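First comes the structure, then the notes that go with it.
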Ligand code: NAD
Ligand code: ZN
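Numbering (the working numbering), first residue to last: 4 to 361.
See below:
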């Protein structure tokens with residue numbers, strides 16, 4: 004178990020294992036986190052896990068409220084947020100009850116914002132079912148919905164009481180979603196833990212086969228790293244920004260591609276580009292760049308050229324900066340396993356790498 008401690012009202016546990024849905028059921032029946040569970044799923048996770056969870060709870064005499072949203076990013080909207088709150092009120096949900104997010108990052112971000120807002124905040128438990136949500140979005144307490152002006156622009160910091168990551172859930176995940184999650188997995192190694200990067204390189208085949216032992220270690224280590232970073236800087240004043248490695252460029256590629264490419268894939272390209280630029284700038288050694296690229300090759304991340312317009316990507320990065328009122332912030336690596344936040348990074352080096360890849 005990873006225990007997330009920090010400057011929060013309460014620390015909480017992240018349990019990573021395979022086949023832990025029964026533990027979720029027994030904790031919910033125990034009313035460990037609240038009386039009536041409000042289980043929020045999307046259409047896919049309802050079929051895969053939602054009905055089963057509800058049945059298991061029913062057998063034990065617990066009658067949860069099951070709420071389903073359409074699958075996909077569009078559900079992270081104020082409309083869907085509002086309709087969930089209305090449905091909970093109508094069902095008589097009180098402050099003593101608990102919201103259970105059963106799904107990927109979309110369900111987690113949306114449900115967390117619902118939990119944090121309903122009657123000024125009720126208990127919240129996360130059961131992340133995608134690799135990306137297990138290694139990233141379910142840890143750290145950022146919850147949000149999108150508004151037309153920007154992604155995640157309406158939200159809050161709201162920590163769950165507990166996170167249950169079931170590795171078995173990954174078995175049904177489409178390859179595209181696995182790769183998206185792996186982008187964030189290697190990121191954690193690149194910014195924080197060289198040994199973990201080597202572990203990923205040496206176990207790449209098992210990772211791609213979703214070997215249970217290996218994936219338990221992978222997910223746990225990512226949670227530890229993210230928890231460590233976040234607990235030092237919950238509200239993102241400084242250190243937390245290193246988690247954005249590959250993201251400044253990645254977001255621009257994501258926007259350019261009209262969100263047709265997965266988030267992790269775009270971040271993977273972002274990391275490749277920044278690492279090469281770091282090496283050209285003389286910050287990152289050639290050996291480190293080699294290992295950086297080798298692990299990504301073995302995992303099948305951001306291999307090959309992509310169809311992008313380099314100058315438009317640069318424009319998008321600068322536009323993003325205007326919104327945030329500051330310089331273009333690039334998270335750079337000064338060695339593999341260590342990141343530095345730079346506001347003065349030579350952007351022309353990034354543009355050159357973009358041209359090289361396109
Ligand atoms: P997602 O929640 O849309 O899930 C991807 C797809 O997989 C969906 O169609 C979903 O129904 C399906 N799915 C979920 N679990 C499954 C399973 N076990 N088997 C088969 N299919 C399954 O996307 P995601 O990649 O998990 O999350 C992306 C979201 O996370 C974005 O909105 C992003 O902004 C957010 N995010 C938040 C943070 C944070 O700190 N809060 C960090 C990173 C990303
Ligand atoms: Zn990300």
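Ideal placement from N, C-alpha and C gives every residue a C-beta, glycine not left out.
Note that the coordinates shown come from a computational prediction; the quantities given were computed from them, not determined experimentally.
TODO: Verify whether the separation of the beta carbon atoms of residue 111 and residue 141 is less than 7 Å.
DONE: Yes, the pair counts as a contact, with Cβ atoms nearer than the cut-off.
TODO: Take residue 358 as the anchor and find which of 277, 265, 74, 71 has the nearest alpha-carbon.
DONE: It is 277 whose Cα lies nearest to the Cα of residue 358.
TODO: Look at the alpha carbon of residue 19 and the alpha carbon of residue 213, and state the distance between them as a whole number of angstroms.
DONE: So the two alpha carbons sit approximately 14 Å from each other.
Task: Separation of residue 349 from residue 174, as counted between CA atoms - done: Residue 174 and residue 349 have their C-alpha atoms spaced approximately 42 Å apart.
TODO: Pair every Cβ in the region 251-258 with every Cβ in the region 162-169, then say whether three or more of these pairs are closer than 8 Å.
DONE: Short answer: they don't touch.
Task: Coil, strand or helix - residue 38 by DSSP - done: It is coil, neither helix nor strand.
TODO: Measure the C-alpha to C-alpha separation of residue 272 and residue 306 and round it to an integer number of angstroms.
DONE: Cα to Cα, residue 272 sits roughly 8 Å from residue 306.
Open item on the list: Can you confirm whether residue 273, when its beta carbon is compared against all beta carbons of chain D, has any partner nearer than 7 Å?
Closed with: Among the chains in the structure shown there is no chain D, since it carries only a single protein chain.
TODO: If I'm right that residue 250 touches residue 270 with Cβ under 8 Å, what's the distance once you round it to whole angstroms?
DONE: With a Cβ gap of about 6 Å, residue 250 and residue 270 count as contacting.
TODO: Would you kindly report the start and end of the unbroken alpha helix (DSSP H) that includes residue 251?
DONE: 250-259 is the extent of the alpha helix (DSSP H) around residue 251.
- [ ] State buried or exposed for residue 75, treating a residue as buried only when at least 16 other CB atoms are found within 10 Å of its CB.
- [x] That one is exposed.
Task: Top-ranked residue by Cα proximity to residue 179, from 83, 360, 302, 153 - done: The residue among 83, 360, 302, 153 with its C-alpha nearest the C-alpha of residue 179 is 302.
Open item on the list: Going by beta-carbon coordinates alone, are residue 119 and residue 156 separated by less than 7 Å?
Closed with: Going by C-beta atoms, residue 119 is not nearer than 7 Å to residue 156.
TODO: Quick one: give me the first and last residue of the beta strand (DSSP E) that residue 30 is part of.
DONE: Careful: residue 30 lies outside any beta strand (DSSP E), inside the alpha helix (DSSP H) at 24-32.
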